[in-house]
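Peer 1: Take the sequence shown: its position 453, counting from 1, is numbered 452 in numbering that gives the first Met the number 0, and each next residue is one higher. Ideal Cβ placement from N, Cα and C applies to all residues, glycine included.
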Amino acid sequence: MGAISPKEDYTNIPHQTFDAVIVGGGGSGMRASYQLAQAGLKVAVLTKVFPTRSHTVAAQGGIGASLGNMQEDNWHYHFYDTVKGSDWLGDQDAIEFMCREAPQVVYELEHLGMPFDRNADGTIYQRPFGGHSANYGEKAVPRACAAADRTGHALLHTLYQSNVKMGTQFFVEWIALDLIRNEAGDVLGVTAIDQETGKIAVFQGKATLFATGGAGRVYRASTNAYINTGDGLGMAARAGIPLQDMEFWQFHPTGVAGAGVLLTEGCRGEGAILRNDSGEPFMERYAPTLKDLAPRDFVSRSMDQEIKEGRGCGPKKDYILLDMTHLGAETIMKRLPSVFEIGKKFANVDITKEPIPVVPTIHYQMGGIPTNIHGQVVVPEGVADTNFEAGYSPASDVYSTNGGDRNYTKPIKGFYAIGECSCVSVHGANRLGTNSLLDLVVFGKAAGEHIIDYVTKHHGDEYQPLPTTVLESTYKRVALLDDSTSGENAQEVADAIRDIVQDHAGVFRTSALLDEGVKQILAIEPRVRNIHLKDKSKVFNTARVEALEVENLYEVAKATLISAAARKECRGAHTVVDFELPPDHPTYSYGRRDDEWMKHTLWFSSDNRLEYKPVRYKPLSVDAIPPKPRTF
Numbered sequence: 000m001g002a003i004s005p006k007e008d009y010t011n012i013p014h015q016t017f018d019a020v021i022v023g024g025g026g027s028g029m030r031a032s033y034q035l036a037q038a039g040l041k042v043a044v045l046t047k048v049f050p051t052r053s054h055t056v057a058a059q060g061g062i063g064a065s066l067g068n069m070q071e072d073n074w075h076y077h078f079y080d081t082v083k084g085s086d087w088l089g090d091q092d093a094i095e096f097m098c099r100e101a102p103q104v105v106y107e108l109e110h111l112g113m114p115f116d117r118n119a120d121g122t123i124y125q126r127p128f129g130g131h132s133a134n135y136g137e138k139a140v141p142r143a144c145a146a147a148d149r150t151g152h153a154l155l156h157t158l159y160q161s162n163v164k165m166g167t168q169f170f171v172e173w174i175a176l177d178l179i180r181n182e183a184g185d186v187l188g189v190t191a192i193d194q195e196t197g198k199i200a201v202f203q204g205k206a207t208l209f210a211t212g213g214a215g216r217v218y219r220a221s222t223n224a225y226i227n228t229g230d231g232l233g234m235a236a237r238a239g240i241p242l243q244d245m246e247f248w249q250f251h252p253t254g255v256a257g258a259g260v261l262l263t264e265g266c267r268g269e270g271a272i273l274r275n276d277s278g279e280p281f282m283e284r285y286a287p288t289l290k291d292l293a294p295r296d297f298v299s300r301s302m303d304q305e306i307k308e309g310r311g312c313g314p315k316k317d318y319i320l321l322d323m324t325h326l327g328a329e330t331i332m333k334r335l336p337s338v339f340e341i342g343k344k345f346a347n348v349d350i351t352k353e354p355i356p357v358v359p360t361i362h363y364q365m366g367g368i369p370t371n372i373h374g375q376v377v378v379p380e381g382v383a384d385t386n387f388e389a390g391y392s393p394a395s396d397v398y399s400t401n402g403g404d405r406n407y408t409k410p411i412k413g414f415y416a417i418g419e420c421s422c423v424s425v426h427g428a429n430r431l432g433t434n435s436l437l438d439l440v441v442f443g444k445a446a447g448e449h450i451i452d453y454v455t456k457h458h459g460d461e462y463q464p465l466p467t468t469v470l471e472s473t474y475k476r477v478a479l480l481d482d483s484t485s486g487e488n489a490q491e492v493a494d495a496i497r498d499i500v501q502d503h504a505g506v507f508r509t510s511a512l513l514d515e516g517v518k519q520i521l522a523i524e525p526r527v528r529n530i531h532l533k534d535k536s537k538v539f540n541t542a543r544v545e546a547l548e549v550e551n552l553y554e555v556a557k558a559t560l561i562s563a564a565a566r567k568e569c570r571g572a573h574t575v576v577d578f579e580l581p582p583d584h585p586t587y588s589y590g591r592r593d594d595e596w597m598k599h600t601l602w603f604s605s606d607n608r609l610e611y612k613p614v615r616y617k618p619l620s621v622d623a624i625p626p627k628p629r630t631f
């Protein structure tokens, strides 16, 4: 079974079986596990941290749903805003599904006991959020269903208590290591390591669901928790599954300068204003209608432009000010209590009395493991047609094809992915605020429903036999660390990866910078493969965890830079200054090239190959929203 460390006998590996194995205990994972446990299925949830400490807890502003509690709204407006916000890279069938289901899933959370803020009439309080509008872009609309500025916190506690009630089994502080696939390519579960003991185990499921969250820690400055190292993406990539649209990373406009800690968009939803060094509310120049509530890619570029043109604030003119002083202390303490605490702790600023310094900071990955609206992981079927070349990278081992007439929607049996680790492509090239929590609960529920059907109708009480090589990959990875006598420090290698991505794939990118980033990230691979683990202890060895995470970060970094270098346009969060067009250009849309690049990227780890698949323009029941320039 491959190299086995002499330090430990792996021949008697614990092996547990479940109807469903869920990797990740955040909002999407627990929404799915609740659905499954409620139906009587035997469910295991593996999570790196205690479920209520998952990164969903950091979501502040709200869940987008067209309840219309504050003013007229409907899901058609939400659908339009999301398609436009995605810069037309989102799949319109999936977007319709999400927006149409939004009110129902919010009411379900309410019935589970989620403590939303209330209006005087008892309805759920809603606040405006970036990119959300009424009457197809006419004016801003309150659509974010909020629990103060702790919506993610409230969501996690609501889902956790519901899962406990239903008997979901949680395996806390376990790290999933590798996918288990048989010769047919079906997914049968995962191998995992218990942080408490250092022991490895096999978790076999009739269905396996990844809800592992994002990979924002691939950047040096990030709003993400330290656990967000792209574990699900790394496991999928090593198992031969492509990653989709990894060039698209969202920079949140309001990370605390110097700290990276997130200040919710709910600040601007409540009326906060971005100001430059002269105190000007400059977003009025960039987005005359929505102003500070334009989509995040739009606002982040505008802020960076102000700084580049010398209108930044502070001694180095390297940040923008977020002004909430006019809101009043009462509103701030009622609607934004966590923001007040963050201001004091991370910036030494009392936001009721003075503005707080902010800069765009990496926040969210729009790409991930490709899925359909049921959460099934889907992959290309058949052989790619290499006559349809659509992109080229200067790195000799990186090429791309558009794949011709391939079928890109073949589900992998038994494998599902939801939440930020997945890409059903409701976010396209740029996510709207509040659509993240919505994504979690809509597709968590949808995946749960599909798994119930899949397990009960197609499996019964039987489990597929595990392949004889089930532990080979895991053995090799762990043995490489346990047997090492010299080599690289894991933290130093991880920091080098972060530096490369941060310095070459920022808010504004250039072709030369991206090409250089590809060269540097490929050149660092020998260091990734030569990590030395000094501390060989088993019990709560965080150094071992960090070393295992480096491989996942590396897969994400390669996918990001190679995909970004190949996309020769500006779209959403991917702005390459070489391809920007002047405002008087007849096809001006900030450098977007729909005729050539309105398609999804697929990156394959084994040979750094890129393919492309078409965006799905046809919604489920309404007319498609045709592409046009994005103005706000």
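1. Let's see if you can read the secondary structure: which residues bound the alpha helix (DSSP H) around Cys-266?
2. What is the rounded straight-line gap between the Cα of Ile-62 and the Cα of Gly-311?
3. In angstroms, rounded to a whole number, what distance separates the CA positions of Gly-121 and Met-113?
4. When we look at the beta-carbon of Met-332 and count the other beta-carbons within 10 Å, is it buried (16 or more) or exposed?
5. List the whole-angstrom C-beta distance separating Leu-321 from Leu-262, where the pair is believed to meet the contact cut-off of C-beta under 8 Å.
6. Measuring CA to CA, which of Lys-307, Pro-410, Asn-227 and Asn-223 is closest to Asn-551?
7. According to DSSP, is Gly-130 part of a helix, a strand, or is it coil?
8. Ser-337 and Arg-149 - do their beta-carbons sit closer together than 8 Å?
9. I'd like to know if the segment 43 to 57 and the segment 66 to 73 are in contact, where contact means that at least 3 CB-CB pairs between them fall below 8 Å.
10. Which whole-angstrom value describes the C-beta separation of Gly-366 and Phe-247, a residue pair presumed to lie in contact below a C-beta threshold of 8 Å?
11. Under the three-state reduction of DSSP, which class applies to Gly-184: helix, strand or coil?
12. Out of Pro-369, Glu-283, Ala-445 and Leu-470, point me to the one whose CA is closest to Val-423's CA.
13. Counting along the chain, where does the beta strand (DSSP E) carrying Phe-17 start and finish?
14. Can you tell me whether DSSP reads Asn-98 as helix, strand or coil?
15. What's the call for Gln-103, buried or exposed, on a 16-neighbour Cβ count within 10 Å?
16. If Gly-632 and Glu-554 are in contact, beta carbons under 8 Å, what's the gap, nearest whole angstrom?
17. What would DSSP say about Asp-482, mapped onto helix, strand or coil?
18. Could you check what DSSP says for Trp-596 in three-state terms: helix, strand or coil?
19. Residues in its own chain within less than 6 Å of Asn-386 by CB, not counting five upstream and five downstream?
20. Helix, strand or coil for Cys-569, going by three-state DSSP, please let me know.
21. List the DSSP bridge partners of Glu-380.
22. Along the chain, where does the alpha helix (DSSP H) containing Phe-339 start, and where does it finish?
23. Taking contact to mean 3 or more Cβ pairs, one atom from each stretch, closer than 8 Å, check whether the segment 567 to 574 and the segment 423 to 442 are in contact.
24. If you check the beta carbons only, do Gly-212 and Gly-459 fall under 8 Å apart?
25. In whole angstroms, what separates the C-alpha of Phe-345 from that of Ala-224?
26. Between Ile-350 and Lys-138, what straight-line distance do the alpha-carbon atoms span, to the nearest angstrom?
Peer 2: Looking at the atomic coordinates:
1. 265 to 268
2. 32 Å
3. 14 Å
4. So Met-332 ends up on the exposed side.
5. About 6 Å separates the CB atoms of Leu-321 and Leu-262; that is less than 8 Å, so the two are in contact.
6. Asn-227
7. strand
8. yes
9. No: the two stretches stay apart, fewer than three of their Cβ pairs being nearer than 8 Å.
10. 6 Å
11. coil
12. Pro-369
13. 14 to 22
14. According to the sequence as given, residue 98 is Cys; it is not Asn. In this structure, Cys-98 counts as helix in the three-state DSSP scheme.
15. exposed
16. Any answer about residue 632 is impossible in this case: the structure gives the chain only from 0 up to 631.
17. Assigned with DSSP and collapsed to three states, Asp-482 falls in coil, not helix or strand.
18. helix
19. Low confidence applies to Asn-386: its pLDDT is 40, below 50, so where it sits in the model is not reliable, and the reading given next is rough at best. The beta carbon of Asn-386 sits closer than 6 Å to no other beta carbon from its chain once the five residues preceding and following it are set aside.
20. Looking at Cys-569 - three-state DSSP - the assignment turns out to be coil, as it is neither helix nor strand.
21. Asn-406
22. 336 to 345
23. yes
24. In this structure, Gly-212 keeps its C-beta atom at 8 Å or more from the C-beta atom of Gly-459.
25. 15 Å
26. Each residue's CA atom was taken as its position, placing Ile-350 and Lys-138 some 27 Å apart.
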